[in-house]
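Chemist:
There are 2 protein chains.
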Amino acid sequence: MLPQDTPRLQDMKRCVETLQESICAALEERDGGRFGSELWQRAGGGGGRTRVLQGGALIDKGGVNVSTVWGEMDTAAAAGAGMAPGPFAACGLSLVIHPVSPRVPSVHMNVRCFVAESGRDWWYGGGADLSPTFPYPEDFVHFHAVLKGACEGAAPGSYAVHKKRCDEYFTLPHRNEMRGIGGVFFDHQREDPGSFCLVQALAEAFLATYLPIVDRRRGEIWTPEDKEFQLVRRGRYVEFNLLYDRGTRFGLATGGRAESILMSLPREAAFPYDWKPRRGSRAEEMIPLYQPRPWA
Amino acid sequence: MLPQDTPRLQDMKRCVETLQESICAALEERDGGRFGSELWQRAGGGGGRTRVLQGGALIDKGGVNVSTVWGEMDTAAAAGAGMAPGPFAACGLSLVIHPVSPRVPSVHMNVRCFVAESGRDWWYGGGADLSPTFPYPEDFVHFHAVLKGACEGAAPGSYAVHKKRCDEYFTLPHRNEMRGIGGVFFDHQREDPGSFCLVQALAEAFLATYLPIVDRRRGEIWTPEDKEFQLVRRGRYVEFNLLYDRGTRFGLATGGRAESILMSLPREAAFPYDWKPRRGSRAEEMIPLYQPRPWA
């Protein structure tokens, strides 16, 4: 059986395609705008659906993408994915929302499943992290508490492990800071059926992690100073994604659709030289929170 | 003799420090603003002077940096620099100008010298490239013609080789386009004294490559559509520098001063999803010029 025809991959495909629709619908309801929908095919096998909403009332740029791809993995690509070379299939959902308002945080969530060697070798991965630019600790506690509930429900004891991994992964070592306030991140999970339950729980928890924060903050008046800090932090987001994010680099190196991969970048970002927050500003208050700390 | 004490490195240091002052002075004269000046020290040895002008009348963000660093190179860093592990010294000048006006192109120029093994192993490298966002072929011909003169004066027959290498290097493979209209690029040049003459000629030609274009274009009225395209192309500039530029990645990976390295990023950039130029626009006319072609 080809990796893409295994029940494991087909289950994942159904799961992420269903979630793509329900997540887009819930976000459209909040925004008032509509996600576009582009089907694309990959030359080597498979393809995906990219759904992007840009220039909305709530969402400045947001994408909710699914893809199911397959083919032959060469040695380099295999090393990157932690697999043996040969036939493989991969299925995933990847979501990034950059809101208009600096009071509403950016958010990312991703789940993925790799299958190789006719289904004998496989793993699941996933993650979710929040990138706020205004210090609302109660929002960060909420985000982590929902993630904790999802992880613990699927795999007791797993939240602490995945939270620590997230703090390590979504980090800009050249600045000694995280891109946001973390969340969870895990990779190469090979428990049956626990790992699929975990990615399902994570993906299904997305709306509960994020919408309450959106609803609480979207009506707030924000200042030009808030916007400036948001654009600086979006610059850091770009730095992380292009310098370090494995999914971005792996996707581009293996000929993925550039526009679908780079939907994760904000519509606008700033890279001022040697930027410093104003003394006593909310930005200055936010900066220490881009370090690992217990939230839930 | 330590690599940093060799006449070779000391000559390079004098050359780039003198040029830093004269280039900044000429640019300040055009802009009306002043370059800042930050001296920094590197923990492992050496340091540099970072000079940045931001928010000027002409220059939105520009940096002219010199650094002279030394220490012990470990195996990974040595592989990146194409050297043997052990004591090394490196000296260079790195310059990036992102103007306010979309009619005035961004420009980059860099020269560098590596010395290792007590001066027995060494090489020079350099490059200059132009990133315009408005189709003025006569400006691109001028830029290349001056570079050609500099290269041919120092090393007859070298322009064609370095021009081709630049077309290959300053490329975004995931978009199958160059970041600009090219220039010259070379690395690991080991001719004595030809290679030092070449980097000197390149660095000294900078003002002649760029100022005539600045003077010709800075007074032009530009439109919001011009600005939009400039910001999109600045996004591509960021993509290149963070995804592919070896100097940026090597500098950050080896603990260089992040703000000095990332001065090359524009103050503002845009990453809209699946951006397309308006039919019949000047942007549409510009896009085919981001492919290799003979200019001089």
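As you go down the protein sequences, you meet chains A and B in turn.
If you read the first sequence in the working numbering, its first letter stands for residue 1, the second for the next number, and so on.
If you read the second sequence in the working numbering, its first letter stands for residue 1, the second for the next number, and so on.
The beta carbon of each residue, even a glycine, is placed where N, CA and C say it ideally should be.
1. Would a C-beta distance cut-off of 8 Å place F186 of chain A and H162 of chain A closer than the cut-off?
2. I'd like to confirm the pairing. Which residues does DSSP put opposite K61 of chain A in its beta bridges?
3. Between which residues of its own chain and A84 of chain B is the CB-CB distance below 7 Å, once the five residues before and five after are set aside?
4. Mind checking if A76 of chain B is an interface residue toward chain A, Cβ cutoff 8 Å exclusive?
5. What residues of chain A sit near H108 of chain B, judged by a beta carbon separation below 8 Å?
6. Find the residues of chain A that neighbour Q54 of chain B, judging by a C-beta separation of less than 8 Å, and give them in chain order.
7. Closer than 7 Å, Cβ to any Cβ of chain A: which residues of the region 258 to 288 of chain B, in chain order?
8. Let's test the definition: count the other Cβ atoms within 10 Å of the Cβ of E285 of chain B and tell me whether it reaches 16, buried, or not, exposed.
9. Should E225 of chain B be flagged as near chain A, meaning a C-beta pair shorter than 8 Å?
10. My assumption, with CB atoms under 8 Å, is that A258 of chain A sits in contact with R175 of chain B. Please give the rounded CB distance.
11. Determine whether the beta carbon atoms of L147 of chain B and A203 of chain B lie at a separation below 8 Å.
12. Could you pull out every unbroken beta strand (DSSP E) segment of at least 3 residues lying fully inside the region 232 to 270 of chain B, listed in chain order?
13. Which residues of chain B have a Cβ atom closer than 9 Å to the Cβ of K61 of chain A, listed in chain order?
14. With respect to the beta strand (DSSP E) encompassing D274 of chain A, which residues constitute its N-terminal and C-terminal limits?
15. Beta carbons nearer than 7 Å to chain B: which residues of the region 168 to 195 of chain A have them?
16. Which of helix, strand or coil does DSSP assign to T171 of chain B?
17. Counting only beta-carbon separations shorter than 8 Å, does L242 of chain A have a partner in chain B?
18. How would you label L39 of chain A, buried or exposed, when you count the other beta carbons within 10 angstroms and need 16 or more for buried?
19. Indicate whether at least one CB of chain B lies closer than 8 Å to the CB of L252 of chain A.
20. Do you know offhand how far M178 of chain B's Cα is from A154 of chain A's?
21. Along chain B, in chain order, which residues have C-beta atoms closer than 8 Å to that of V238 of chain A?
22. Does the distance from the C-beta atom of V16 of chain B to that of G92 of chain B stay below 8 Å?
23. In whole angstroms, what is the alpha-carbon distance linking V104 of chain B and S67 of chain B?
24. Taking the continuous alpha helix (DSSP H) assigned at V199 of chain B, which residues delimit it?
25. For H108 of chain A, write down the residues that DSSP places opposite it in a beta bridge.
26. Assuming I261 of chain A contacts D139 of chain A (C-beta within less than 8 Å), just tell me the rounded distance between them.
27. By Cβ distance, which residues of its chain are closer than 6 Å to G32 of chain B, with the 5 residues on each side in sequence left out?
28. Considering only their Cβ atoms, is the gap separating Q20 of chain B from G46 of chain B smaller than 8 Å?
29. Select from B:R246, B:Q189, B:K227, B:L243 the residue whose C-alpha is nearest the C-alpha of A269 of chain B.
30. Report yes if the CB atom of P102 of chain A is closer than 8 Å to the CB atom of Q230 of chain A, and no otherwise.
31. If you drop the 5 nearest sequence neighbours on each side, which residues of the same chain put their C-beta closer than 6 Å to that of M12 of chain A?
32. What is the residue span of the beta strand (DSSP E) that Q189 of chain A lies within?
33. Report the rounded CA-to-CA distance for A25 of chain B versus V64 of chain B, giving the unit in angstroms.
34. Taking the DSSP output, what are the residues bridged to W122 of chain A?
35. Does the beta-carbon of A43 of chain A have 16 or more other beta-carbons within 10 angstroms, so that it is buried, or is it exposed?
Modeler: Put simply:
1. yes
2. Under DSSP, K61 of chain A shares a beta bridge with A:Q54, A:H98.
3. The beta carbon of A84 of chain B is closer than 7 Å to those of A78, A116, E117, D121 in its chain, skipping five residues each way along the sequence.
4. no
5. Under the 8 Å cutoff, chain A gives no residues; its nearest Cβ is about 15 Å from H108 of chain B.
6. The contacting residues are P272, Y273.
7. A258, E259, L262, M263, L265, P266, R267, E268, A269, A270, F271, P272, Y273, D274
8. exposed
9. no
10. 6 Å
11. no
12. 268 to 270
13. At a beta-carbon threshold of 9 Å, the residues of chain B lying near K61 of chain A are F271, P272, Y273, ordered along the chain.
14. From DSSP, D274 of chain A is part of no beta strand (DSSP E); its letter is neither H nor E.
15. Here the close residues are H174, R175.
16. strand
17. It does: the Cβ of L242 of chain A has a partner Cβ on chain B nearer than 8 Å.
18. exposed
19. yes
20. In a straight line, the C-alpha of M178 of chain B is about 47 Å away from that of A154 of chain A.
21. V238, L242, A269, F271
22. Contact: yes.
23. So the alpha carbons of these two residues sit roughly 28 Å apart.
24. 194 to 204
25. A:V96, A:D129
26. The Cβ separation is near 28 Å, so there is no contact.
27. A57
28. no
29. B:K227
30. yes
31. Excluding positions up to five away in sequence, the list reads C91, C113.
32. From DSSP, the beta strand (DSSP E) with Q189 of chain A extends over 183 to 189.
33. If you draw a straight line from the Cα of A25 of chain B to the Cα of V64 of chain B, it comes to about 11 Å.
34. In the DSSP output, where bridge partners are listed per residue, W122 of chain A has A:V115.
35. Exposed: under 16 other Cβ atoms inside 10 Å.
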